[in-house]
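Trainee: Below you'll find the structure I mean.
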Amino acid sequence: MEQAKEKEKPEKRKKGFVRRFLEAGFLMLASAYLAFSVNEARQWRKHYDFLENKEGYRQEYMLASLHNHTSHRGDGDKCVYEFLLEAHRQGYGIVAVTDHEDRTLDYCAGVSISRLEELALAGSGFFGCPDSGGFEVAKVNETTYKVTREGDEHALYVLAGAEITALYYGRPVHVLGIGLSKVPESHQSLEKTLIELKSQGALIGAPHATSRIFKSIRAKGVKEFQDFFDFVEINGMYAFPQRAILNFTAKRLGKRLGIPMVAAPDSHIRGQYFNRTLVMVEKCDSFDEKDIVGFLRRQFDAGNYRNIVSIPESGVIYHWHLFK
């Protein structure tokens, strides 16, 4: 009898351990779901407020979108001219077009620099683009172009940039370079790429920094080269619901290292480009159109900006993507 009881004890302990393990796992999942739901509600309120009061915000802020892809070499589904015209119509003040540089080194930011210069010299607007009447492009300097429309005081500044592939311990990683006069070559060491970007005075970002599947630098690389980075990117959940958790880890990384966290859409398809994910940068009297990169860097360092990060309209879709 006593021997039978002794045999039952390990079985009871085993069942008790399994039950406690399952309970702990359930509590962890429930806590994570609650945390994401609270964050979803907060982001939804901010995004809804932005959409409702966009024109009011434009009086105080410049709307900026710093990570976009175009169709010139298959990165996105908008041609660069269509993208720029729509950005101007939507009231954006600053955009960067950052196609992957390994598509071609002849295109900086997906924009044919020589073609833009031809248009700027001709003063003839965007040839071949539907509904482009009255639009003109002017070259500000080697890294910046200005889009205006006849009869409209609003100006859109376009920064030449690229999402560059570098090598970090032999692993390909992505770096954002914004405000480039020359695109660094692909697949150099990360250190060499960052030094080259820094020498050009470019704004340097760590896109999708904490992902393990998007050729990301990850926390180790950002920490090792933290003096080079001007910002850590926060992605829009509407564009990439599966990246939702990355915003938490990216924010934690940015706070720990003291690097500004800036929202950028990483837009590839229609619906991701405008009014979903962006950064609103405070206007200031010292704004100089010839030094927009410097303006952004100063405002980011001073904390004079607000992130707008979109979420899907359906929470069910959001959480399905999150846990699938």
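Counting along the sequence shown from 1, when you hit position 70 you're at 70 in this note's numbering, and nothing is skipped either side. Every residue, glycine too, gets a C-beta built ideally from N, C-alpha and C. Only a predicted model underlies this, so the values are computations on that prediction, with no experimental measurement involved.
1) For the candidate residues R149, A202 and E150, whose alpha-carbon lies nearest to that of V293?
2) Below 8 Å, how does it come out for the segment 42–51 and the segment 204–213: are there three or more Cβ pairs, yes or no?
3) With 16 other CB atoms within 10 Å as the buried threshold, where does N53 fall?
4) What's the call for R276, buried or exposed, on a 16-neighbour Cβ count within 10 Å?
5) Tell me, please, which residues DSSP counts as bridged to R306.
6) Between A138, S310, F50 and V281, which lies nearest to I234 when the distance is taken from Cα to Cα?
7) CA-CA distance, G205 and L27?
8) Does the segment 297–311 come close enough to the segment 261–276 that 3 or more CB-CB pairs lie under 8 Å?
9) Please confirm if the segment 251–259 is in contact with the segment 64–79, defined as three or more CB-CB distances below 8 Å between the two stretches.
10) Please report how far the alpha carbon of H174 lies from the alpha carbon of S189, in whole angstroms.
11) Compute the distance between the beta-carbons of H100 and E163, then report whether it is under 8 Å.
12) Exposed or buried, what is S267 when buried is set at 16 or more other beta-carbons lying within 10 Å of its beta-carbon?
13) Give the single residue among V232, L29, T249 and L176 whose Cα lies nearest to the Cα of A263.
14) Ignore the nearest five residues each way along the sequence and tell me which others in G123's own chain have a CB closer than 7 Å to its CB.
15) For the candidate residues A24, R19, Y61 and S31, whose alpha-carbon lies nearest to that of F287?
16) Terminal residues of the continuous beta strand (DSSP E) containing R171?
17) Cα-Cα, which of V18, F21, V97 and V281 is closest to Y145?
Mentor: So, from the data block:
1) A202
2) no
3) exposed
4) buried
5) M280
6) S310
7) 36 Å
8) yes
9) no
10) 11 Å
11) yes
12) buried
13) V232
14) Because G123 carries a pLDDT of 45, less than 50, the predicted location of this residue cannot be relied on, and the following value inherits that uncertainty. E136, listed in sequence order.
15) Y61
16) R171 to I178
17) V97
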